[in-house]
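Numbering-wise, our numbering comes out as the position in the sequence shown, counting from 1, plus 3.
As structure tokens, the structure follows; a few thoughts come after it.
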Amino acid sequence: MRIRLAATTAAACGALVALTAVPAQATEYTSALKIRGVQYDAPGSDSNSCSTGNTDEEYVTIKNYSSTKTVNLKGYWVEDAAGNYFEFTANHYLQPGDYVKLRGGNGSDSDAKNVVYRDNCNFMWNNDKDTIYLFKPAGSRADVHSYTKSGSDPDRNGYIKFHS
Numbered sequence: 004m005r006i007r008l009a010a011t012t013a014a015a016c017g018a019l020v021a022l023t024a025v026p027a028q029a030t031e032y033t034s035a036l037k038i039r040g041v042q043y044d045a046p047g048s049d050s051n052s053c054s055t056g057n058t059d060e061e062y063v064t065i066k067n068y069s070s071t072k073t074v075n076l077k078g079y080w081v082e083d084a085a086g087n088y089f090e091f092t093a094n095h096y097l098q099p100g101d102y103v104k105l106r107g108g109n110g111s112d113s114d115a116k117n118v119v120y121r122d123n124c125n126f127m128w129n130n131d132k133d134t135i136y137l138f139k140p141a142g143s144r145a146d147v148h149s150y151t152k153s154g155s156d157p158d159r160n161g162y163i164k165f166h167s
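Here it is in structure tokens:
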């Protein structure tokens, strides 16, 4: 797993790693890419059947907040608190202000429709609480957000917005 490799490398280089009690959403990263929001609870009854399920209705939106820089998603990855992850292995360019929805399930990736599919019919985000990490290709964090259904989603619609 990349995180453990990065932590091992940092420790081998003598870097000091400190854990703090600061909530994950309190950290602001300088990355152009940020997690805009998450549909953590797909509408309807959860079913991870590839043919009739609703995992494609669960998604995380990643947006390029730069006003000038185009960013290629290739090599970036998202991960949850349990270590489930998806890595963008193909070129997918986000123009300034553009976004992509990373959906569960299977489908055709499309720059024009701003969508990439995980090609996995299992749900990734927990319905009660989770943490979403966005990592840069070199392994540093681009963004991170934690949520709880009771504390982060007052209207209980299964969607949480982190950045405008």
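Glycine included, each C-beta is placed from N, C-alpha and C at the ideal position.
Between the C-alpha atoms of T55 and P46, what's the straight-line distance to the nearest angstrom? Residue numbering aside, residue 55 sits at position 52 when the sequence shown is read from its first letter. Residue numbering aside, residue 46 sits at position 43 when the sequence shown is read from its first letter. In a straight line, the C-alpha of T55 is about 14 Å away from that of P46.
Assign L150 to one of two classes, buried (16 or more other C-beta atoms within 10 Å of its C-beta) or exposed (fewer than that). Taking the sequence shown and counting its residues from 1, the one referred to as residue 150 is at position 147. For the record, residue 150 in the displayed sequence is Tyr; it is not Leu. Burial call: buried.
Could you have a look at E60 and say whether DSSP puts it in helix, strand or coil? Here residue 60 corresponds to residue number 57 of the sequence shown, with the count starting at 1. Correct three-state label for E60: helix.
Sufficient close CB pairs (3 or more, under 8 Å) joining the region 96–103 to the region 78–87: no
Is the CB-CB distance between F89 and R121 below 8 Å? In the sequence shown, residue 89 corresponds to position 86, counting from 1. In the sequence shown, residue 121 corresponds to position 118, counting from 1. Result yes, Cβ atoms of F89 and R121 sit closer than 8 Å.
In this structure, how does DSSP classify G154 when only helix, strand and coil are distinguished? Residue numbering aside, residue 154 sits at position 151 when the sequence shown is read from its first letter. It is helical.
What does a CB cutoff of less than 7 Å around N51 pick up in its chain, not counting 5 residues either side in sequence? Translated into the one-based positions of the sequence shown, residue 51 becomes position 48. Around N51: T58, C124, N125, F126.
Kindly give me the distance between the Cβ atoms of D112 and L36, rounded to whole angstroms, as I take these residues to be in contact under 8 Å. Here residue 112 refers to the residue found at position 109 when the sequence shown is read from its first residue. Here residue 36 refers to the residue found at position 33 when the sequence shown is read from its first residue. Rounded, the Cβ-Cβ distance is 17 Å, inconsistent with contact.
Please go through the region 107–136 and give each complete beta strand (DSSP E) segment of 3 or more residues, from N-terminal end onward. 118–120
Buried versus exposed call for G154 [16 or more other C-beta atoms within 10 Å across all chains shown]: The residue given as residue 154 occupies position 151 in the sequence shown. Flag for G154 reads exposed.
Go ahead and label K66 buried or exposed: buried means 16 or more other beta carbons lie within 10 angstroms of its beta carbon, across all protein chains shown. Stepping through the sequence shown from its first residue, residue 66 is reached at position 63. Its Cβ being crowded by 16 or more others within 10 Å, K66 is buried.
Which listed residue (Q42, S34, T33) has its alpha carbon closest to that of N130: Translated into positions along the sequence shown, residue 130 becomes position 127. Selected option, being the one with the closest Cα: Q42.
If you count every other CB in all the chains shown that lies within 10 Å of the CB of D44, and 16 or more means buried, which is it? Here residue 44 is taken as the residue at index 41 of the sequence shown, counted from 1. D44 comes out buried.
Are the beta-carbon atoms of V119 and H148 separated by less than 8 Å? As a first step, residue 119 is located in the sequence shown; it is residue number 116 there, counting from the start. As a first step, residue 148 is located in the sequence shown; it is residue number 145 there, counting from the start. The answer is no: Cβ separation not under 8 Å.
Pop quiz: K139 and S34 are said to be a contact at Cβ under 8 Å. What is the actual Cβ separation, rounded to whole angstroms? Within the sequence shown, numbered from 1, the residue matching residue 139 stands at position 136. Within the sequence shown, numbered from 1, the residue matching residue 34 stands at position 31. Rounded, the Cβ-Cβ distance is 7 Å, consistent with contact.
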